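Residue numbers (the numbering used here): 2 to 40.
Where a beta carbon is used, it is the ideal one built from N, C-alpha and C, also for glycine.
Being a predicted model, the structure only gives us computed values, none of them experimental.
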């Protein structure tokens, strides 16, 4: 079972870059583009 991380940022490129790096380290990444979506 992989640990899950929520990445929240309004810049899609930032979310993609962070998500890529975290996935390459074995994390499951969930992303949201704003605080409301994250909730």
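Boundaries (first-last residue) of the alpha helix (DSSP H) holding residue i
{"i": "residue 25", "result": "13-25"}
{"i": "residue 37", "result": "36-39"}
Closest by C-alpha distance to residue i, when choosing among the options
{"i": "residue 36", "options": "10, 3, 27 and 20", "result": "10"}
{"i": "residue 4", "options": "16, 20 and 27", "result": "27"}
{"i": "residue 6", "options": "34, 20 and 38", "result": "20"}
{"i": "residue 12", "options": "34, 39, 29 and 40", "result": "34"}
Element boundaries [beta strand (DSSP E), containing residue i]
{"i": "residue 4", "result": "No beta strand (DSSP E) holds residue 4; DSSP gives it neither H nor E."}
Nearest-angstrom beta carbon gap, residue j and residue i [assumed within contact, 8 Å]
{"i": "residue 24", "j": "residue 16", "result": "About 12 Å; that fails the 8 Å criterion."}
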